[in-house]
Amino acid sequence: MPPQVYPGATPPGSPLPPNTLPPVRPTIPLQPNGLPTPANPNVITPGQANPYPLPLQNPIAQPQEVPLPQPENKFSLNARDVTLKRVSGGWQIWGGFKLLRDFGDRENDARNALRVYKDLRPTEWVTIGSPKPIVEYGLIDGRPPTTLMPTKEDPNNPNVVPTGGNSTGPVVTGAGASLVIPIDLRTVRVEAVRGVWCLRDDENIHFNFGPVKADAEQALAVIRRYGFNRIGVVGQPTPVMSYFFVSSDELLPAKVDKGPFARAALQAQIDGLTRVGIPIAGVGFVGEMVRIDPRKLDVRKDGGDWVVASGADVLGRFGPSEWIARDAARTLSDGRFTEFCKVGSAGLTFFLVNGKAPTRVPFTVQGRRFDPTAMKVQQFGGHWAVTDNGRHLFDCVSAEEGETLIRVVKNFGFDQLCHLGPSSKVGVSFLAKGQ
31 MPPQVYPGAT PPGSPLPPNT LPPVRPTIPL QPNGLPTPAN PNVITPGQAN PYPLPLQNPI
91 AQPQEVPLPQ PENKFSLNAR DVTLKRVSGG WQIWGGFKLL RDFGDRENDA RNALRVYKDL
151 RPTEWVTIGS PKPIVEYGLI DGRPPTTLMP TKEDPNNPNV VPTGGNSTGP VVTGAGASLV
211 IPIDLRTVRV EAVRGVWCLR DDENIHFNFG PVKADAEQAL AVIRRYGFNR IGVVGQPTPV
271 MSYFFVSSDE LLPAKVDKGP FARAALQAQI DGLTRVGIPI AGVGFVGEMV RIDPRKLDVR
331 KDGGDWVVAS GADVLGRFGP SEWIARDAAR TLSDGRFTEF CKVGSAGLTF FLVNGKAPTR
391 VPFTVQGRRF DPTAMKVQQF GGHWAVTDNG RHLFDCVSAE EGETLIRVVK NFGFDQLCHL
451 GPSSKVGVSF LAKGQ
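To get my numbering, take the position in the sequence shown, counting from 1, and add 30.
This is the structure:
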């Protein structure tokens, strides 16, 4: 997600409270090879309070008393206990006896992520987004770790406290991040962009939360609550981890209109969104649609499963068999699918080719035909389902959601429910058009 410049577009939707100072901004772009060397990690014994005084508060991006829409999804973490392990041919980061994340065979990304945990030295770790985190952050006794500005006497020392400071605590250097992106606190907001909820400012679209508005609002609230003004990204070209932190750099000059090239750059960023809503005539946007390249599908280990993926998006899980996963990847590539769609609370999925239903179903795919004109929403006990002449097709949580699913099926002309994989619990199920 390369940073792009976007001057003066939509006015901010959520103005900051009065007396809030403008955001911190870097005077030069932050490059991976320009990151300072990380400081040594804290050594904290289990049950011991953090022995370091809290860093100086960022005088620019001051935290605010902002209530969070949802309880934080957090757990205790001791930086000393965070380790990198080689497990079953893959790389995993553990916090004591808790698996924090699995990187598969991406050793370099795993080592960089380990540096992030050591650099932030959290006593708590928080994630936003599910089933996999979209953005994360660390806290030290409920407060955000903060970078400190070097003094004029020693501008090359990242660990020096500014003149007149009273903190000798650890600092955040940005170690491990392959990219550091500033957040414009003056204009950061949640906004719907092409059917998905995004956290953005006037310069960048930072995060795409898909159809989950609540997660986007939670991310905005924690930025304001803790004064986060930087995003660290681990992994290139496909990010494996994104996290908030605070920097105390000096201010940039006042914003200026950077002209049509900057506006074109932002439009290119919007056009480049790989995850958007599914446009349905007469309904609007529903679910989410992920752009995929059938020539670049990836087969990799994710935990105990072999998966077929497009970038960070998993299309299907195929259990412990690498051969089955690779065979499925060939089948999906042969279908020349360009979009992978998911809609409904039960995760109904289907593929498209340039926005339209595929005109052929792969020969190796098992399919069940149904009559789209006979579909109805019915209730069985306390559960709702979409049926075809009384036969169960797929689940839904309400009659309203069921009607939306029927509109989606009819919009694309689907008439088959297919499955690619050795069993109903392994592989990927999807709608298709057989005639």
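For glycine and all other residues, C-beta sits at the position ideal for the given N, C-alpha and C.
Need the endpoints of the beta strand (DSSP E) that I253 sits in, please.
Counting from 1 along the sequence shown, the entry for residue 253 is found at position 223. Per DSSP, I253 belongs to no beta strand (DSSP E); it is in the alpha helix (DSSP H), 243-256.
Per DSSP, which one or two residues make a beta bridge with W414?
Taking the sequence shown and counting its residues from 1, one reaches residue 414 at position 384. DSSP output for W414 lists Q409, C426 as bridge partner(s).
DSSP three-state call for D135: helix, strand or coil?
The residue labelled residue 135 in the question sits at position 105 within the sequence shown. Note: D135 maps to coil in three-state DSSP.
Taking the alpha carbon of D364 as the reference point, which residue from C371, D401, P324, V329 has its own alpha carbon closest?
Your numbering for residue 364 matches position 334 in the sequence shown. Checked all of C371, D401, P324, V329; the closest Cα to D364 is P324.
Spell out the partners DSSP gives E233 in its beta bridges.
Position 203 of the sequence shown holds residue 233. The bridge partners DSSP lists for E233 come to none.
If you run the structure through DSSP and keep just helix, strand and coil, what is R305?
In the sequence shown, residue 305 corresponds to position 275, counting from 1. Strand at R305.
So who's on the other strand from A339, going by DSSP bridges?
Counting from 1 along the sequence shown, the entry for residue 339 is found at position 309. Note: A339 sits in a beta bridge opposite D328, V344.
Tell me the rounded alpha-carbon separation between R110 and K148.
Stepping through the sequence shown from its first residue, residue 110 is reached at position 80. Stepping through the sequence shown from its first residue, residue 148 is reached at position 118. Going from the Cα of R110 to the Cα of K148 covers about 8 Å.
How is the beta strand (DSSP E) around S272 delimited, first residue to last?
Stepping through the sequence shown from its first residue, residue 272 is reached at position 242. Taken as a continuous stretch (DSSP letters only), the beta strand (DSSP E) holding S272 covers 271-275.
What residue from V416, V427, E433 has the CA that sits closest to L528's CA?
Residue 528 is absent from the model: the chain starts at 31 and stops at 465.
Taking contact to mean 3 or more Cβ pairs, one atom from each stretch, closer than 8 Å, check whether the region 160-173 and the region 229-245 are in contact.
yes
What number of angstroms, rounded off, separates the C-alpha of K326 from the C-alpha of V337?
One-based indexing of the sequence shown puts residue 326 at position 296. One-based indexing of the sequence shown puts residue 337 at position 307. Spanning the two alpha carbons is a distance of roughly 14 Å.
Cα separation between F370 and M319?
The residue labelled residue 370 in the question sits at position 340 within the sequence shown. The residue labelled residue 319 in the question sits at position 289 within the sequence shown. Rounded to the nearest angstrom, the two C-alpha atoms are 6 Å apart.
Under a three-way DSSP split, which group does T361 fall into?
For this step, residue 361 is matched to residue 331 along the sequence shown. Helix.
Considering only DSSP beta bridges, list what W155 is partnered with.
Working through the sequence shown from its first residue, we reach residue 155 at position 125. F105, G168.
Report yes if the CB atom of G334 is closer than 8 Å to the CB atom of G457, and no otherwise.
Along the sequence shown, read from residue 1 onward, the residue named residue 334 stands at position 304. Along the sequence shown, read from residue 1 onward, the residue named residue 457 stands at position 427. Their beta carbons are not under 8 Å apart, which means G334 does not touch G457 by this criterion.
Indicate whether V264 and A207 have their beta-carbon atoms separated by less than 8 Å.
Here residue 264 refers to the residue found at position 234 of the sequence shown. Here residue 207 refers to the residue found at position 177 of the sequence shown. Contact flag set, yes.
Pick helix, strand or coil for H449, following the three-state DSSP scheme.
Numbered from 1 along the sequence shown, position 419 holds the residue referred to as residue 449. Looking at H449 - three-state DSSP - the assignment turns out to be strand.
Residues in its own chain within less than 8 Å of R421 by CB, not counting five upstream and five downstream?
Translated into the one-based positions of the sequence shown, residue 421 becomes position 391. F400.
Of the choices V306, S160, R173, whose alpha-carbon is the least far from that of C228?
What you label residue 228 is simply residue 198 of the sequence shown in a count that begins at 1. Nearest option by C-alpha distance: V306.
Is the CB-CB distance between V112 and Y273 below 8 Å?
Here residue 112 corresponds to residue number 82 of the sequence shown, with the count starting at 1. Here residue 273 corresponds to residue number 243 of the sequence shown, with the count starting at 1. No; because the gap between Cβ atoms is not below 8 Å, this pair is not in contact.
Pick from I235, A244, R230: whose alpha carbon is nearest that of E102?
Looking up residue 102 in the sequence shown gives position 72. Out of I235, A244, R230, A244 has the C-alpha closest to the C-alpha of E102.
Which residue's Cα is closest to the Cα of P152: R141, G134, G172?
Position 122 of the sequence shown, counted from the start, is the residue given in the question as residue 152. Nearest option by C-alpha distance: G172.
Could you tell me the alpha carbon to alpha carbon distance between F367 and T394, rounded to whole angstroms?
Position 337 of the sequence shown, counting from 1, holds the residue named residue 367. Position 364 of the sequence shown, counting from 1, holds the residue named residue 394. Those two C-alpha atoms are separated by around 16 Å.
Taking all protein chains shown into account, decide if Q299 is buried (16 or more other Cβ within 10 angstroms of its Cβ) or exposed.
Counting from 1 along the sequence shown, the entry for residue 299 is found at position 269. Looking at its Cβ environment, which holds 16 or more other Cβ atoms inside 10 Å, Q299 is buried.
What do you get for W121, buried or exposed, if any count of 16 or more other CB atoms within 10 angstroms of its CB means buried?
Position 91 of the sequence shown holds residue 121. Answer is buried; the Cβ neighbour count reaches 16.
Below 8 Å on the Cβ atoms is my guess for D418 versus M405; work out the distance and round it to an integer in Å.
Within the sequence shown, the letter at position 388 stands for residue 418. Within the sequence shown, the letter at position 375 stands for residue 405. Contact holds; Cβ gap of about 6 Å.
For T268, is the classification buried or exposed, using 16 other Cβ atoms within 10 angstroms of its Cβ as the cut-off for buried?
Position 238 of the sequence shown holds residue 268. T268 is exposed by the Cβ-count criterion.
Please work out which residues of its chain come closer than 7 Å, Cβ to Cβ, to D214, disregarding the five sequence neighbours upstream and downstream, and give them in chain order.
As a working note, residue 214 is residue 184 in the sequence shown. P53, D231, D232, E233, listed in sequence order.
Return yes when the Cβ of R219 is within less than 8 Å of the Cβ of V96, no when it is not.
Here residue 96 refers to the residue found at position 66 of the sequence shown. Here residue 219 refers to the residue found at position 189 of the sequence shown. Taking 8 Å as the Cβ cut-off, V96 and R219 do not qualify as a contacting pair.
What residue range is occupied by the uninterrupted beta strand (DSSP E) comprising R398?
In the sequence shown, counting from the first residue as 1, residue 398 sits at position 368. 396-399 is the span of the beta strand (DSSP E), which, as asked, contains R398.
Leaving aside the five residues before and after G142 along the sequence, list all residues of the same chain whose C-beta is less than 8 Å from its C-beta, in chain order.
Here residue 142 refers to the residue found at position 112 of the sequence shown. According to the sequence shown, residue 142 is Asn rather than Gly. G206, A207, S208, V264, G265, listed in sequence order.
Kindly indicate which three-state DSSP category T268 falls into: helix, strand or coil?
Residue numbering aside, residue 268 sits at position 238 when the sequence shown is read from its first letter. Secondary structure of T268 (DSSP, three-state): coil.
Pull up the distance between the alpha-carbon of V438 and that of L423, whole angstroms please.
The count along the sequence shown starts at 1 and reaches residue 438 at position 408. The count along the sequence shown starts at 1 and reaches residue 423 at position 393. Straight-line Cα distance between these residues: approximately 14 Å.
Using the beta-carbon count (16 or more within 10 Å), is P212 buried or exposed?
By one-based count along the sequence shown, residue 212 stands at place 182. P212 should be labelled buried.
What is the residue span of the beta strand (DSSP E) that R219 lies within?
Locating residue 219 in the sequence shown gives position 189, counting from the first residue. Per DSSP, R219 belongs to the beta strand (DSSP E) from 219-223.
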